[in-house]
Amino acid sequence: MMKIKHMKFEVCGSCQNNCVFCAHGGMISEFKGYQLSIEELKNFIDCTRKSDYFIEELSIHGIGEPLLWNHLDEGIKLLKNSGVIGKIILTTNGLLLDKIKDETMRFIDILSVSVYPNYPKGNLLAEKKTRYSDKVEINFITKFMVKPTRRYNAIPCYCMTCGPMFVKDKIFFYCGPTCFDAAKLRGVDIFKYDDLYTQIQPNYLENFQKKNVGNLEFCNYCWANSNIKRASLPHGAIPSKATVVLMGVFAYFELRMLKDFLKMILPGFYAGLKKIKDDFYLKKFTQGTRNV
Ligand SMILES: C[S@@+](CC[C@H](N)C(=O)[O-])C[C@H]1O[C@@H](n2cnc3c(N)ncnc32)[C@H](O)[C@@H]1O
Ligand code: SF4
Ligand code: SF4
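Counting in this note's numbering, the sequence shown runs from 954 upward without gaps.
Spelled out as structure tokens, the structure:
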């Protein structure tokens, strides 16, 4: 049996909110109105069983809002009773908490509620938290990390939303939802990169290559790349033109870019600076060394 530590499981392409910097935004627009069907879900379970895989943690966190999934109760029960899944984690914006039946709560191990400013269901959430204190986690979200607006040179990286990810009839080996925005920024259709995913079938992870996680060209454009340092803005903020220009200027004059810029326009000057730096380090590293 092969154990899969964590898998992302996408059930629904809609959301009541339209958060400006939603990290899943690109994928939501690709799968507008999508609902995972019971047939697709059963096929996923069947292929997982035939592959002799065991998924230790299954994260149901989108694509948009999982509580808008039409088959929530039946689907979660099927997953938990399948025998191929350990923990089930469900992440929600908490606007439809009243939709989760007690029967369904039995099959959920962690209910993670993202509470945004002006959350209208505080009483209901407090009630759920009292009733299921060991299962309900509350995350107060006041800030959103801004998405990249250009290519970085930042791989390999730690990926904050890595795969595998199941959506519809496909398994993405390396990426979570954020790769859709990365592809958009890169100006390509992610489905044309068929080494990134496979159709769901027995042994669906056989072509997975660990070295690719956080080491794809797409990562240079991706929100989930932890090497990319960007501003966070208050949830719901729509940045003014002045803020966008300011952020652009900061990004532009980032050291790495400044270096590339110097190299391009003043190659002689850049080579001189590099020589001074190399001589300095050579001296520093050879000082006091002994021949052994
Ligand atoms: C994309 S949401 C999907 C589930 C659900 N709709 C929700 O809001 O919890 C999953 C998590 O990602 C977080 N998230 C999305 N975009 C983000 C961003 N730009 N910066 C920080 N967190 C973000 C959300 O706050 C949420 O906790
Ligand atoms: S509530 Fe969640 S999925 Fe919906 S737009 Fe906001 S972050 Fe994205
Ligand atoms: S593109 Fe890279 S950083 Fe983004 S989700 Fe995929 S592996 Fe992670």
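Yeah, the Cβ is synthetic: ideal placement off N, Cα and C, and Gly gets one too.
Check: residue i C-beta below 8 Å from any heavy atom of ligand 2
i: residue 1069; result: yes
i: residue 1015; result: yes
i: residue 981; result: yes
i: residue 970; result: yes
i: residue 1039; result: no
Own chain residues within Cβ distance below 7 Å of residue i, not counting five before or after
i: residue 1188; result: 972, 1069, 1070, 1094, 1095, 1096 and 1097
i: residue 1243; result: In this prediction, residue 1243 has a pLDDT of 41, which is less than 50 and means its spatial position is unreliable; nothing more can be read from the coordinates.
i: residue 1129; result: 961, 1114, 1115, 1116, 1118 and 1177
i: residue 956; result: 1007 and 1009
i: residue 1152; result: 1122 and 1123
i: residue 980; result: 1016, 1130 and 1133
Cβ-Cβ separation, residue j to residue i (assumed contact under 8 Å), whole Å
i: residue 966; j: residue 1047; result: In fact, because the Cβ distance is near 19 Å, the residues do not count as touching under 8 Å.
i: residue 1008; j: residue 1038; result: 5 Å
i: residue 991; j: residue 1027; result: 6 Å
i: residue 1158; j: residue 1127; result: About 11 Å; that fails the 8 Å criterion.
i: residue 1155; j: residue 1000; result: 5 Å
i: residue 1035; j: residue 998; result: 5 Å
i: residue 1025; j: residue 1003; result: About 26 Å separates the two Cβ atoms, so there is no contact after all.
i: residue 994; j: residue 1031; result: 6 Å
i: residue 1081; j: residue 1049; result: With 8 Å as the limit, residue 1081 and residue 1049 do not qualify as a contact, their Cβ atoms being about 12 Å apart.
Heavy atom of ligand 1 within 8 Å of residue i beta-carbon
i: residue 1082; result: no
i: residue 1190; result: no
i: residue 1019; result: yes
i: residue 1132; result: no
i: residue 1044; result: yes
i: residue 1184; result: no
Continuous beta strand (DSSP E) stretch holding residue i: start and end
i: residue 955; result: 955–965
i: residue 1125; result: 1123–1125
i: residue 1064; result: 1063–1068
Ligand 3 heavy atom lying under 8 Å from the CB of residue i
i: residue 1195; result: no
i: residue 1127; result: yes
i: residue 1110; result: yes
i: residue 1178; result: yes
Own chain partners of residue i with C-beta closer than 6 Å, once the 5 adjacent residues on each side are dropped
i: residue 1012; result: 961 and 1042
i: residue 1044; result: 1014 and 1065
i: residue 1105; result: 1173 and 1181
i: residue 1056; result: none
i: residue 989; result: 964
Proximity test, Cβ basis, 9 Å: residue i and chain C
i: residue 993; result: Although the question refers to chain C, the structure presented lacks it and comprises just one protein chain.
Residue i - containing alpha helix (DSSP H), residue span
i: residue 1020; result: No alpha helix (DSSP H) contains residue 1020, which DSSP labels as neither H nor E.
i: residue 983; result: 978–983
Report task. Please confirm if the segment 1131–1141 is in contact with the segment 1160–1168, defined as three or more CB-CB distances below 8 Å between the two stretches. Result -> no
**Report entry** Contact between the segment 1118–1129 and the segment 1180–1199 (3+ Cβ pairs under 8 Å)
**Finding:** no
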